[in-house]
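Novice: After the structure tokens below, expect a handful of questions from me.
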Ligand SMILES: [Fe+2]
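In our numbering, the protein residues as written are 109 to 427.
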């Protein structure tokens, strides 16, 4: 099978109107379709929806979606799930007739799909852009209590490639960045209580758009939803801004990382004690960023139980 890229995230939210006011109203996502309790959104570059919001009793994450290169690829993943005994089933969604839901051995609710109805191209309809100009989904970042194990598994079983990683002095892996599409990551694993979603990220056109997003939040008197940034990451070299949505789900607005398509691209090692890894300019990261995340749902829509990390403590520069 060949995973092409991260494709979508499906969130449970408590109040759909409130969430749409944030994602569509402030951030300018395009709302493409609404059903009774669900909304489907996308960025201006995307030809398929990439964010599904469903009104539900509590905030959670129902699916972490990945685009696969063919129907045969979806079949191969289905065969693998059956052979390994992972919970799985086929579902249909709006514009996606065949979505393979799989709960992987770590508890992450994955969704694999190929067939998708294409939406009209709006990339150059600049007069319709709203907010900072959200272009496309870029990556997912998940908490894992066993980063080393998960990283090896995603490399060996799903074919992800490592671009950067954080290690302590004893050589233990604290975080990893893995890609399929040719930039720094489609998924990252972060040490912490898990499995949980740490954040999902969307690509913006340039660093000025990141600043514009911060201005929009400030103008709307919503600074309480700015958790971290704007800044530049050491890891990935990208410009970033982290926001909390009305349910506490964390979204990163992200731009300007680098190309990693060479098959022999060497991974970058960061020391856990290097403060430049998280913000190149040395700014401290708030504690909430290390601790708070979104609950995942299993295939029966029950919260996936979490366990604490085997690696305890926070890097000393963190406050
Ligand atoms: Fe990120």
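The C-beta atom is built at its ideal place from N, Cα and C for all residues, glycine as well.
Predicted model only: the values in this text are computed from it and were never measured.
With hydrogens ignored, establish whether the beta-carbon of residue 249 is closer than 7 Å to any heavy atom of ligand 3.
Specialist: Here the bound small molecules are ligand 1; ligand 3 is not part of this structure.
Novice: Measuring straight from C-alpha to C-alpha, what distance separates residue 358 and residue 404?
Specialist: The count along the chain shown starts at 1 and reaches residue 358 at position 250. The count along the chain shown starts at 1 and reaches residue 404 at position 296. Each residue's alpha carbon lies about 13 Å from the other.
Novice: According to DSSP, is residue 166 helix, strand or coil?
Specialist: Here residue 166 refers to the residue found at position 58 when the chain shown is read from its first residue. Reduced to three states, the DSSP call for residue 166 is coil.
Novice: In whole angstroms, what is the alpha-carbon distance linking residue 114 and residue 150?
Specialist: On the chain shown, residue 114 is found 6 positions in, with the first residue counted as 1. On the chain shown, residue 150 is found 42 positions in, with the first residue counted as 1. Distance between the alpha carbons of residue 114 and residue 150 is about 13 Å.
Novice: Do the stretch 385 to 403 and the stretch 300 to 312 meet, that is, are 3 or more Cβ pairs less than 8 Å apart?
Specialist: At 8 Å Cβ cutoff, the stretches touch.
Novice: Quick check on the burial criterion: 16 or more other C-beta atoms within 10 angstroms. Buried or exposed for residue 296?
Specialist: Along the chain shown, one-based indexing puts residue 296 at 188. Buried: at least 16 other Cβ atoms inside 10 Å.
Novice: Quick one: is residue 360 buried, meaning 16 or more other Cβ sit within 10 Å of its Cβ, or exposed?
Specialist: Numbered from 1 along the chain shown, position 252 holds the residue referred to as residue 360. By the neighbour-count rule (16 or more Cβ atoms within 10 Å), residue 360 is buried.
Novice: Using only the heavy atoms of ligand 1, determine whether one of them is closer than 7 Å to the beta carbon of residue 362.
Specialist: Translated into positions along the chain shown, residue 362 becomes position 254. Because some heavy atom of ligand 1 lies under 7 Å away, the Cβ of residue 362 counts as near it: yes.
Novice: Could you tell me if the beta carbon of residue 307 falls within a distance shorter than 7 Å of some heavy atom in ligand 1?
Specialist: In the chain shown, counting from the first residue as 1, residue 307 sits at position 199. Correct: residue 307 has its Cβ closer than 7 Å to ligand 1.
Novice: Have a look at residue 173 and residue 391 and give me their C-alpha separation to the nearest angstrom.
Specialist: Within the chain shown, the letter at position 65 stands for residue 173. Within the chain shown, the letter at position 283 stands for residue 391. Spanning the two alpha carbons is a distance of roughly 32 Å.
Novice: Say the cut is 7 Å; is the CB of residue 296 nearer than that to a heavy atom of ligand 1?
Specialist: Residue mapping note: residue 296 aligns to position 188 of the chain shown, counting from 1. Yes.
Novice: Between which two residues does the alpha helix (DSSP H) containing residue 132 stretch?
Specialist: Along the chain shown, one-based indexing puts residue 132 at 24. Looking at the DSSP string, residue 132 is not in any alpha helix (DSSP H), and its letter there is neither H nor E.
Novice: Taking DSSP as the reference, what is the three-state secondary structure of residue 257?
Specialist: Walking along the chain shown from the start, residue 257 turns up at place 149. Residue 257: helix per DSSP, three-state reduction.
Novice: Based on DSSP bridge pairs, tell me the residues matched to residue 217.
Specialist: Walking along the chain shown from the start, residue 217 turns up at place 109. Looking at the DSSP assignment, residue 217 forms a beta bridge with 211.
Novice: One question on the structure: do residue 241 and residue 350 come within less than 8 Å of each other, judged by their Cβ atoms?
Specialist: On the chain shown, position 133 is the one that residue 241 refers to. On the chain shown, position 242 is the one that residue 350 refers to. The answer is no: Cβ separation not under 8 Å.
Novice: Which residue or residues does DSSP assign as beta-bridge partners of residue 363?
Specialist: As a working mapping, residue 363 is identified with position 255 in the chain shown. BP columns for residue 363 point to 347.
Novice: Apart from the five residues just before and just after residue 275, which ones in its own chain have a Cβ nearer than 8 Å to its Cβ?
Specialist: As a first step, residue 275 must be located in the chain shown, where it is residue number 167. Correct list, in chain order: 281, 282, 377, 378, 379, 380.
Novice: Can you tell me whether residue 197 is buried or exposed, with buried defined as 16 or more other CB within 10 angstroms of its CB?
Specialist: For the purposes of this step, residue 197 is taken as residue 89 along the chain shown, with counting starting at 1. It is exposed - the Cβ of residue 197 has fewer than 16 other Cβ atoms within 10 Å.
Novice: Could you spell out the range, first to last residue, of the beta strand (DSSP E) harbouring residue 338?
Specialist: Against the chain shown, residue 338 aligns to sequence position 230. Run containing residue 338: 334 to 340, per the beta strand (DSSP E) assignment.
Novice: Check each candidate in 342, 363, 320 and name the one with the smallest Cα separation from residue 387.
Specialist: As a position in the chain shown, residue 387 is number 279, starting the count at 1. It is 342.
Novice: Closest to residue 226 by CA distance: which of 389, 344, 155 is it?
Specialist: Position 118 of the chain shown, counting from 1, holds the residue named residue 226. The shortest C-alpha separation from residue 226 is found at 155.
Novice: Whose CA, out of 362, 254, 320, lies closest to the CA of residue 238?
Specialist: Position 130 of the chain shown, counting from 1, holds the residue named residue 238. Answer by Cα proximity: 320.
Novice: Mapping the DSSP letters down to three states, classify residue 426 as helix, strand or coil.
Specialist: Here residue 426 refers to the residue found at position 318 when the chain shown is read from its first residue. Note that residue 426 scores 40 on pLDDT, short of 50, meaning its location in the model is unreliable and no value can be drawn from it.
Novice: Out of 372, 284, 232, state which residue places its alpha-carbon closest to the alpha-carbon of residue 257.
Specialist: Here the question's residue 257 lines up with position 149 in the chain shown. Measuring from the Cα of residue 257, the nearest candidate turns out to be 284.
Novice: From the DSSP output, in three-state form, read off residue 198 for me.
Specialist: Residue mapping note: residue 198 aligns to position 90 of the chain shown, counting from 1. Three-state result, residue 198: strand.
Novice: Please go through the same chain and pick out, in chain order, the residues whose beta-carbon is closer than 7 Å to the beta-carbon of residue 337, but skip the five residues on each side of it.
Specialist: To locate residue 337, count along the chain shown from 1; it is residue 229. Once the five neighbours on either side are set aside, the close Cβ partners of residue 337 are 348, 349, 350.
Novice: Under 6 Å Cβ to Cβ from residue 171, same chain only, skipping five residues before and after it: list those, please.
Specialist: Walking along the chain shown from the start, residue 171 turns up at place 63. Only 118, 217, 219 meet the Cβ criterion.
Novice: List the DSSP bridge partners of residue 148.
Specialist: Taking the chain shown and counting its residues from 1, one reaches residue 148 at position 40. BP columns for residue 148 point to 141, 160.
Novice: Roughly how many angstroms lie between the CA atoms of residue 417 and residue 232, to the nearest whole one?
Specialist: Start at 1 with the first residue of the chain shown, and residue 417 comes out as number 309. Start at 1 with the first residue of the chain shown, and residue 232 comes out as number 124. In a straight line, the C-alpha of residue 417 is about 45 Å away from that of residue 232.
Novice: Are residue 368 and residue 290 closer than 8 Å when you measure CB to CB?
Specialist: Within the chain shown, residue 368 is the residue found at index 260, counting from 1. Within the chain shown, residue 290 is the residue found at index 182, counting from 1. Against a cut-off of 8 Å, the Cβ pair of residue 290 and residue 368 comes out as a contact.
Novice: Can you list, in chain order, the residues of its chain whose CB lies under 8 Å from that of residue 142, leaving out five sequence neighbours each side?
Specialist: As a first step, residue 142 must be located in the chain shown, where it is residue number 34. Around residue 142: 148.
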